[in-house]
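> Quick one: the structure is below, and I'll ask about it shortly.
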Amino acid sequence: MNDIKNVSVIGGGTMGNGIAHVFAMSGFEVTLVEAKQQFLDKALDAIEKNLDRMLSKQKISNDDKKATLQRIHSTLNTVEGVMKADLVVEAIPEQFDLKKKVFQEVDENAPKHTILASNTSSISITKLAAQTKRPDRFIGMHFFNPVPVMKLVEVINGLETSEETTQTVMGLAEKLGKVPVSADDSPGFVSNRVLMPMINEAIFCVYEGVAEPEDIDQVMKLGMAHPMGPLRLADFIGLDVCLDILNVLYDGFKDPKYRPCPLLVKMVDAGKLGDKTGEGFFKYD
Ligand code: NAI
Numbered sequence: 000m001n002d003i004k005n006v007s008v009i010g011g012g013t014m015g016n017g018i019a020h021v022f023a024m025s026g027f028e029v030t031l032v033e034a035k036q037q038f039l040d041k042a043l044d045a046i047e048k049n050l051d052r053m054l055s056k057q058k059i060s061n062d063d064k065k066a067t068l069q070r071i072h073s074t075l076n077t078v079e080g081v082m083k084a085d086l087v088v089e090a091i092p093e094q095f096d097l098k099k100k101v102f103q104e105v106d107e108n109a110p111k112h113t114i115l116a117s118n119t120s121s122i123s124i125t126k127l128a129a130q131t132k133r134p135d136r137f138i139g140m141h142f143f144n145p146v147p148v149m150k151l152v153e154v155i156n157g158l159e160t161s162e163e164t165t166q167t168v169m170g171l172a173e174k175l176g177k178v179p180v181s182a183d184d185s186p187g188f189v190s191n192r193v194l195m196p197m198i199n200e201a202i203f204c205v206y207e208g209v210a211e212p213e214d215i216d217q218v219m220k221l222g223m224a225h226p227m228g229p230l231r232l233a234d235f236i237g238l239d240v241c242l243d244i245l246n247v248l249y250d251g252f253k254d255p256k257y258r259p260c261p262l263l264v265k266m267v268d269a270g271k272l273g274d275k276t277g278e279g280f281f282k283y284d
């Protein structure tokens, strides 16, 4: 069970193409499963561009690039894509029903020993695991954006995740050159439970007119040694994503300290979502 060679990544968007990239670069055979050809092409293109960037910075050689690309196989067929997998990492959009459907299909078609992992940032691992017949071999493998750069993998244990599964996935993350940190399933895990209230509080400071966005970010950068201010980070993550995660915390704990700031709700309603729409707390070209 611990001998993982073939990894299937489902979803090749922002996170999935990065996850496929790091596994292939670390010597694993990767099968990238996408829903549509155009998204698959886009994912493979992104991986090649990111490898080229590493090549130009002399972090890898041309042979490394070639070998990495050769280890990435792709398909639009989930059943075919998971048939030989020892590990499946799901990175499709953050919608429970969508993930449930994919995990049920994967569970039926992947070998018995295969570990199923989700890159979800806020959906309960225990609840996703319960959609399958292998909750002991189900785990959260929460990577951070951009995946090839960010060192952390938050490894989330569902209620029934076995110790063997946790140890296998922790070891695997280390083989990718990452630093795994294990936590039990809980709303927002550790990362978003700590981060999102800070972002929300920064938004409350804007809402209440305490300070300008630039100044709030400056305080956190220069005073607290954060590389990015909370409002800049919120724009980068996406204000809609921040709102969704705050709602998960608010619903999960039923604690008013997680109440999303009305200004955040208003900005999402207005379609000002941050970098991806060109405007959030700051403007982007
Ligand atoms: P994305 O929207 O960039 O990519 C999702 C991809 O999944 C798309 O390319 C889509 O075509 C594909 N897809 C949809 N249904 C599919 C199916 N049935 N089979 C195969 N592919 C399918 O989303 P993103 O940002 O990569 O997020 C993916 C997951 O990672 C979400 O659960 C999100 O919460 C989580 N996450 C996102 C982070 C981020 O910074 N974007 C950070 C950490 C976790």
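Counting in numbering that gives the first Met the number 0, the final residue of the sequence shown is number 284, and the numbers go up one at a time with none missing. Using N, Cα and C, we set each Cβ at its ideal position, and we do this for glycine too. The structure displayed is predicted, hence computed values, not measured ones.
Should residue 158 be labelled buried (16 or more other beta-carbon atoms within 10 Å of its own) or exposed?
Here residue 158 is taken as the residue at index 159 of the sequence shown, counted from 1. Flag for residue 158 reads exposed.
> On a Cα-Cα basis, can you pick out the residue from 194, 185, 231 and 64 that is closest to residue 205?
In the sequence shown, residue 205 corresponds to position 206, counting from 1. Residue nearest to residue 205 within the set 194, 185, 231 and 64 is 231 (criterion: CA-CA distance).
> Under DSSP, the alpha helix (DSSP H) around residue 96 begins and ends at which residues?
Stepping through the sequence shown from its first residue, residue 96 is reached at position 97. 95-108 is the span of the alpha helix (DSSP H), which, as asked, contains residue 96.
> Compute every distance between the C-beta of residue 120 and the non-hydrogen atoms of the ligand NAI, then say whether any falls below 7 Å.
Within the sequence shown, the letter at position 121 stands for residue 120. At least one heavy atom of the ligand NAI is nearer than 7 Å to the Cβ of residue 120, so yes.
> Can you tell me which of the three DSSP states residue 22 falls into?
Position 23 of the sequence shown holds residue 22. Annotated three-state conformation of residue 22 is helix, per DSSP.
> Measure the alpha-carbon distance for residue 264 versus residue 175 and round it to whole angstroms.
By 1-based counting over the sequence shown, the position of residue 264 is 265. By 1-based counting over the sequence shown, the position of residue 175 is 176. About 38 Å.
> Tell whether a beta-carbon distance below 8 Å holds between residue 103 and residue 75.
Your numbering for residue 103 matches position 104 in the sequence shown. Your numbering for residue 75 matches position 76 in the sequence shown. Not in contact: residue 103 and residue 75 (Cβ atoms no closer than 8 Å).
> Taking 6 Å as the limit between beta carbons, can you name the residues of its chain near residue 203, skipping five residues before and five after?
Working through the sequence shown from its first residue, we reach residue 203 at position 204. Counting only Cβ-Cβ distances below 6 Å, and skipping sequence neighbours, we find 260.
> With distances taken Cα to Cα, identify the nearest neighbour of residue 146 among 278, 17, 115 and 283.
Residue numbering aside, residue 146 sits at position 147 when the sequence shown is read from its first letter. Minimum Cα distance to residue 146 is reached at 17.
> Could you tell me whether any non-hydrogen atom of the ligand NAI is closer than 7 Å to the CB of residue 77?
Residue mapping note: residue 77 aligns to position 78 of the sequence shown, counting from 1. Result yes, Cβ under 7 Å from the ligand NAI.
> In the structure shown, what three-state DSSP assignment does residue 139 receive?
Looking up residue 139 in the sequence shown gives position 140. In the structure shown, residue 139 adopts extended strand secondary structure according to DSSP, grouped into three states.
> Going by alpha carbons, who is nearest to residue 289 out of 33, 10 and 6?
Here the chain covers residues 0 to 284 and nothing more, so residue 289 does not appear.
> Determine contact between the segment 51-63 and the segment 88-101, defined as no fewer than three beta-carbon pairs at a distance below 8 Å.
no
> Relative to the ligand NAI, is the shortest distance from any of its heavy atoms to the C-beta of residue 211 smaller than 7 Å?
Working through the sequence shown from its first residue, we reach residue 211 at position 212. Checking the Cβ of residue 211 against the ligand NAI gives no.
> Would the segment 269-280 and the segment 218-235 be scored as touching if the rule is three or more Cβ pairs under 8 Å?
yes
> Identify the continuous alpha helix (DSSP H) that holds residue 194 and give its terminal residues.
Counted from its first residue, the sequence shown places residue 194 at position 195. Start and end: 190-206.
> Which of the three DSSP states, helix, strand or coil, is assigned to residue 221?
Taking the sequence shown and counting its residues from 1, one reaches residue 221 at position 222. It is helical.
> By Cβ distance below 6 Å, which residues in the same chain neighbour residue 30 in space, the five residues on each side in sequence not counted?
The residue given as residue 30 occupies position 31 in the sequence shown. Counting only Cβ-Cβ distances below 6 Å, and skipping sequence neighbours, we find 7, 72 and 80.
> Might you give, ordered along the chain, the residues of its own chain that have their beta carbon closer than 7 Å to the beta carbon of residue 276, omitting 5 neighbours on each side?
If you number the sequence shown from 1, residue 276 lands on position 277. Answer for residue 276: 270, listed in chain order.
> Pull up the distance between the alpha-carbon of residue 130 and that of residue 117, whole angstroms please.
Here residue 130 refers to the residue found at position 131 of the sequence shown. Here residue 117 refers to the residue found at position 118 of the sequence shown. Straight across, the Cα-Cα distance linking residue 130 with residue 117 is about 13 Å.
> Straight-line CA distance for residue 138 to residue 122?
As a working note, residue 138 is residue 139 in the sequence shown. As a working note, residue 122 is residue 123 in the sequence shown. Cα to Cα, residue 138 sits roughly 12 Å from residue 122.
> Name, in chain order, the residues that DSSP records as bridge partners for residue 273.
As a first step, residue 273 must be located in the sequence shown, where it is residue number 274. According to DSSP, residue 273 bridges with 278.
> So, residue 19 versus residue 46, is the Cβ gap smaller than 8 Å?
Position 20 of the sequence shown holds residue 19. Position 47 of the sequence shown holds residue 46. Cβ distance < 8 Å, so residue 19 and residue 46 count as in contact.
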